[in-house]
Amino acid sequence: MNELDIAVLIGSIFSIALYGMWHTRNRKDLDSYMRGSDHSPWWVIGLSVMATQASAITFLSTPGQGYLSGMSFLQVYFGVPIALILISVFFLPIFHKLNVYTAYEFLENRFDTKTRLLGAALFLLQRGIGAGLTIYAPAIVLSTVFGWSLQWTIVSSGLLVIVYTVVGGTDAVTVTQKYQIGIIFLGMITAFCMLIGKLPPGLSFGDAMHIAGGFQKLNAVNFSTSLNERYTFFSGILGGTFLMLSYFGTDQSQVQRYIAGHSLRESRLGLLFNAVCKIPMQFCILLLGVMMFVFYQFEQPPLFFDSVSNKYMNTQRSDQKLVALESGFKSAHERGKHNLETWMHAKHDGNQAQAASAFIAAAAAQQEAEEIRLEAAKELSAKNTDIKANNADYVFITFILRELPHGVIGLLIAAFFAAALSSKAAELNALGTSSTMDFYKRVVNREATDGECLIATKAFTGIWGIVAIIIALFAQLSENLIQAVNILGSIFYGVMLALFLVAFFIRRVGGTAIFWSALVAQTLVFILYNSLTISYLWYPLIGCVSCIILSLILQAILGSNQKPIEEYTA
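Dropping the structure here:
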């Protein structure tokens, strides 16, 4: 990065952050701090929901996922439209009618205090860990760009977002997210256009798509019925719907965004906006990664994209096996490039036989190169167990720094930080709100005034920010970031969703039955996750269904539920 990049980065991020704090300077009451004074129109709600979910992890790691695995990851999002429509119909009216600060207040109204505390605790646990991962993602970018220590970068960037969130609250998060998502979209569109422009002369976009398809990168739908395959149509439609229904419907970081709507209609339109736009957005981000894959068929990629593995590799030049693997990787890539160039010329000359032969040879060379990369990663990890070669999280940032012009680099780094600031602020704000309203005011100080709750919310927001920093410092991921976040949610979200589904639809189940059923079901999910090899997308469904069935059985044993619940059910 040069002075222009730094100017673009600092100008973009600090202007948005300062605007958010200035815009909310006169809003010091509890209601505006937690809910943004319920004044947001539908399009602000829609962009806020989108920006909260689309963290830096989405824009940093998802293109790398597309590079390595192609479009199959798109199946995770097949359940989003279904989930958001269901939330708009069933969840939103009740949240609006009860005028809740947190989603878990509803659980006490419908069941009892212990069920509310359980739901809030599950949220705080998984979202607190998730907040650590969202700090970890932009820290990777900064440490790679500037050569800073990853640990120092995590601490400094985490403290920055803590200050911003504590000062501004929900209103600062909401009013700035529309600008942050604008920077993100501008950066990603610019990157995609420049990437297409960097493809070899004579290689059309159609040719690039042909290469991607021939190398199995465009297989967006897999109709396999195997539970062990991570991404399939069925795991996306079934498990993905349960995952997204729980995330958007029960996670306070999202609920807090759309209950800030000016009306029920505005909140619904904001969610339906995401129902329409989410899959196309993820498709485009994955396609960016696929096009990077095509680009690197003609440009020599590094053996490892992540800087830690590369630096360690450079210290092992005396290791003949690693040197031979690196040489073999480069040789396989050159053969693949030569065969693709032959394919291009033969295709344009109409020599179909030569084109087919060259393409098969290119695919074989690419497969050989990938096998060498995997073998080198295993060899590197065997020599140093602290090395976790994880190319997916570093592919896009490597492309940006090596291939794009100055100014654009600054814009894209700003896009990562805009996404990070947006999602981290929303998470910390939600964690602080839930800690205050579900625990402090409900358990510690029931007579707390609005002023005391406001102070407590800011304190809890800061505490959770520090917790997130600590989690990020000790993060050791076997998965790339985008998958790690989804796996974490899948473990907890099923049981959280069951609490709300039972509350909405099964009137005869009371608080004691659902409370103990949730504990048993969550334990079951933990056991199964550590015992089975099925796709993580099935765990929200397993957790939810098992909790519902157990609650029905336990309620039948306990007898009928006598609490009047008509106004709390759908």
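Residue numbering for the sequence shown follows numbering that gives the first Met the number 0, beginning at 0 and increasing consecutively. In this text, a Cβ means the ideal position worked out from N, Cα and C, and glycines have one as well.
- Message: For a minimum of 4 consecutive residues, which ranges assigned as the alpha helix (DSSP H) are wholly contained in the segment 414-489?
- Response: 449-472
- Task: Would you mind sorting H332 into buried or exposed? The rule is 16 or more other CB atoms within 10 Å of its CB.
- Result: buried
- Which full runs of the beta strand (DSSP E) of 3+ residues lie inside the segment 44-115, going along the chain? none
- Query: Cβ of L302 within 7 Å of Cβ of A364?
  - Reply: no
- Message: According to DSSP, S39 sits in a beta bridge with which residue or residues?
- Response: G260
- Item | Whole alpha helix (DSSP H) elements within the segment 314-399, 4-residue minimum | 319-348 and 351-382
- Item | Assigned exposure category for K336 - 16 Cβ within 10 Å defines buried | buried
- Query: For the alpha helix (DSSP H) that contains H405, what are its first and last residues?
  - Reply: Premise fails: H405 is in no alpha helix (DSSP H) and is neither H nor E.
- Query: Out of W342, L17, V75 and V165, which has the shortest C-alpha to C-alpha gap to F459?
  - Reply: V165
- Could you tell me whether the segment 5-17 touches the segment 240-253, using the rule of 3 or more Cβ pairs below 8 Å? no
- Message: For R256 and W463, what's the separation of their Cα atoms in angstroms?
- Response: 19 Å
- Query: How far does the alpha helix (DSSP H) with D206 in it reach, from first residue to last?
  - Reply: F204 to G213
- What is the residue span of the alpha helix (DSSP H) that G248 lies within? G239 to T249
- Is the segment 60-72 in contact with the segment 192-202, if contact means three or more CB pairs nearer than 8 Å? no
- Message: Given this structure, state the Cα-to-Cα distance separating I86 from N98, to the nearest angstrom.
- Response: 16 Å
- Message: Does F415 pass the burial test, meaning 16 or more other C-beta atoms within 10 Å, or should it be called exposed?
- Response: buried
- Query: Could you check where the alpha helix (DSSP H) with T532 kicks off and where it finishes?
  - Reply: Neither: T532 is in no alpha helix (DSSP H) and is coded neither H nor E.
- Query: Exposed or buried, Q554, counting other C-beta atoms within 10 Å across all chains shown (16 or more means buried)?
  - Reply: buried
- Message: Can you tell me whether N273 is helix, strand or coil according to DSSP?
- Response: helix
- Item | Contact set for T133: own chain, Cβ-Cβ below 7 Å, skip 5 residues either direction | S54, A55, I56, A419, S422, K423 and E426
- Task: Go ahead and pull the three-state DSSP assignment for S225.
- Result: coil
- Message: With the cut-off set at 7 Å, would you say P62 and F395 are in Cβ contact?
- Response: yes
- Message: Quick check on DSSP: helix, strand or coil for S509?
- Response: Note on residue identity: the sequence assigns Gly, not Ser, to residue 509. In the structure shown, G509 sits in coil (DSSP, three-state: anything other than H, G, I, E or B).
- Query: Going straight from the alpha carbon of L67 to that of V524, what length do you get?
  - Reply: 29 Å
- Task: Within 10 angstroms of the Cβ of C543, are there 16 or more other Cβ atoms? Answer buried if so, exposed if not.
- Result: buried
- Message: Tell me the rounded alpha-carbon separation between M49 and V484.
- Response: 16 Å
- Task: Take T112 as the anchor and find which of L124, S317, T511 and M343 has the nearest alpha-carbon.
- Result: T511
- To the nearest angstrom, report how far apart Q281 and I153 are at their CA atoms. 27 Å
- Message: What does the alpha-carbon distance come out to for the pair I481 and A136?
- Response: 10 Å
- Message: Would you call the segment 303-315 in contact with the segment 119-126, where contact means no fewer than 3 C-beta pairs closer than 8 Å?
- Response: no
- Outcome for K277 when other beta-carbon atoms lying within 10 angstroms are tallied against a minimum of 16: buried
- Item | Proximity below 7 Å, CB of S433 to CB of Q296 | no
- Query: Does DSSP put V165 in a helix, a strand or coil?
  - Reply: helix
- Message: Restricting to Cα atoms, I'd like to know which of A517, I541 and L557 is closest to L119.
- Response: A small fix is needed here, since residue 119 is Ala in this sequence, not Leu. Comparing Cα positions, the closest option is A517.
- Would you say I468 and G157 are within 7 Å of each other, going by their C-beta atoms? yes
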